[in-house]
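In what follows, a single structure is set out as structure tokens and then discussed.
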Amino acid sequence: MSKKILMIDGYDYDGWKSLNDCDCIDAFKHYGETLKSISSSPLEIITIHPGKKEEYIPQGISLEDFNGIVWTGSSLNIYDSNPGITRQIELAKETLKINTNIFGSCWGLQVYVTAAGGSVRKNPKGREIVVARNIQLNEDGKRHFMYNDKCEKFDALCSHLDEVEKIPPDSNILSSNDHSEIQALSFKINGANFCGTQYHPEFDFEILSKILCARKSILISENIFNDNDHADKTISCLDNLTKNNGNGDYLKIGQDILDKRIRNKELKNWLNYISN
12 MSKKILMIDG YDYDGWKSLN DCDCIDAFKH YGETLKSISS SPLEIITIHP
62 GKKEEYIPQG ISLEDFNGIV WTGSSLNIYD SNPGITRQIE LAKETLKINT
112 NIFGSCWGLQ VYVTAAGGSV RKNPKGREIV VARNIQLNED GKRHFMYNDK
162 CEKFDALCSH LDEVEKIPPD SNILSSNDHS EIQALSFKIN GANFCGTQYH
212 PEFDFEILSK ILCARKSILI SENIFNDNDH ADKTISCLDN LTKNNGNGDY
262 LKIGQDILDK RIRNKELKNW LNYISN
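Have a look at this one:
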């Protein structure tokens, strides 16, 4: 039996234009492809775009029609006040009133933290991008279904400038690293069951390469890359990994990222959970 997933696109038009200019697939399309590739049962995915449209829920669709909700990343910053951000926070609040399961990646985590009473800030340690190193599960993380069969310490693909500053009431931090204390958390409100990650378990090497291409000048200005050559070498390494023509030595990555089954484990576990 197929499962119905509501995919919520976190981007606005301006934020995604630079990525489209680098021939990057839309985040929601990539996310949907990842979910379908790892799901044990067929998925029917309907996508809405609250960051782009004032009227974003199609006629005849209810939030309660779905087995689960997935919220993508974004280039937005939650502390910037604009209608596209406000609409997303208000939508998240509405989903927390119903009996559903929710997964948020990066921006999706930040939206739900804000909607549930927490706060988000610009990370004082700067941007974390390409690889989030040495993410460590705590005791709550070891017990959480999202991390079933996941190593207690691992690396993950990532791209974020902001981080959770204050967690919502009755939340559980699940994992941390030296860059961000909150790499994953979970909470339950009413009938809604949320879990999310600051990193991107849906990412592959191709989409990350396109993101680096689009934001190369910003990343050089932030000293993430020393210069164009450094950036281009990283992008080239990711492109080679996309083609299975290389290894992770240059980026110092291992099987926890190279192996798709491990890289996507959190999402696979979430899909299994909502199927039970």
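Every position in the sequence shown, counted from 1, becomes a number in our numbering once 11 is added. Every residue, glycine too, gets a C-beta built ideally from N, C-alpha and C. The model shown is predicted, which means the values in this text are computed figures rather than measured ones.
Local conformation of residue i per DSSP, three classes
i, result
"residue 240", "helix"
"residue 190", "coil"
"residue 12", "coil"
"residue 153", "helix"
"residue 39", "helix"
"residue 116", "strand"
"residue 129", "coil"
"residue 231", "helix"
"residue 170", "strand"
"residue 183", "strand"
"residue 107", "coil"
"residue 148", "strand"
"residue 95", "helix"
"residue 45", "helix"
"residue 269", "helix"
"residue 207", "strand"
"residue 279", "helix"
"residue 218", "helix"
Burial state of residue i (16 or more Cβ within 10 Å)
i, result
"residue 69", "exposed"
"residue 213", "buried"
"residue 266", "exposed"
"residue 72", "exposed"
"residue 97", "exposed"
"residue 24", "exposed"
"residue 274", "buried"
"residue 65", "exposed"
"residue 254", "exposed"
"residue 153", "exposed"
"residue 170", "buried"
"residue 186", "buried"
Closest Cα partner of residue i within the set the options
i, options, result
"residue 164", "78, 144 and 170", "144"
"residue 184", "201, 168, 65 and 158", "158"
"residue 19", "261, 62 and 29", "62"
"residue 180", "269, 194 and 128", "128"
"residue 28", "47, 12 and 86", "86"
"residue 192", "12, 200 and 147", "147"
"residue 139", "196, 160, 188 and 108", "188"
"residue 45", "60, 200 and 215", "215"
"residue 268", "89, 150, 166 and 160", "166"
"residue 270", "93, 43, 168 and 22", "168"
"residue 107", "81, 210 and 261", "81"
"residue 263", "253, 142, 153 and 91", "142"
"residue 178", "194, 261 and 76", "194"
Contact set for residue i: own chain, Cβ-Cβ below 6 Å, skip 5 residues either direction
i, result
"residue 205", "113, 123 and 198"
"residue 110", "202"
"residue 220", "246, 249 and 250"
"residue 257", "251"
"residue 182", "196 and 198"
"residue 89", "121, 125 and 131"
"residue 67", "59, 60 and 61"
"residue 259", "269"
"residue 161", "276"
Neighbourhood of residue i by C-beta distance below 7 Å, restricted to the same chain and skipping five residues each side
i, result
"residue 105", "74"
"residue 103", "122, 123 and 126"
"residue 39", "18, 20, 58 and 83"
"residue 26", "85, 86 and 87"
"residue 217", "253"
"residue 76", "15"
Contact set for residue i: own chain, Cβ-Cβ below 8 Å, skip 5 residues either direction
i, result
"residue 236", "227, 230, 242 and 245"
"residue 14", "50, 52, 53, 54, 55, 78, 79, 282, 285 and 286"
"residue 239", "227 and 231"
heavy atom of the ligand FAD below 6 Å from residue i C-beta
i, result
"residue 185", "Looking for the ligand FAD in the displayed structure turns up nothing, as the structure carries no ligands at all."
Three or more C-beta pairs below 8 Å linking the region 108-116 and the region 274-284:
yes
So, does the region 170-179 touch the region 133-149, judging by three or more C-beta pairs under 8 Å?
yes
Would the region 20-36 count as touching the region 215-230 if we require 3 or more Cβ pairs under 8 Å?
yes
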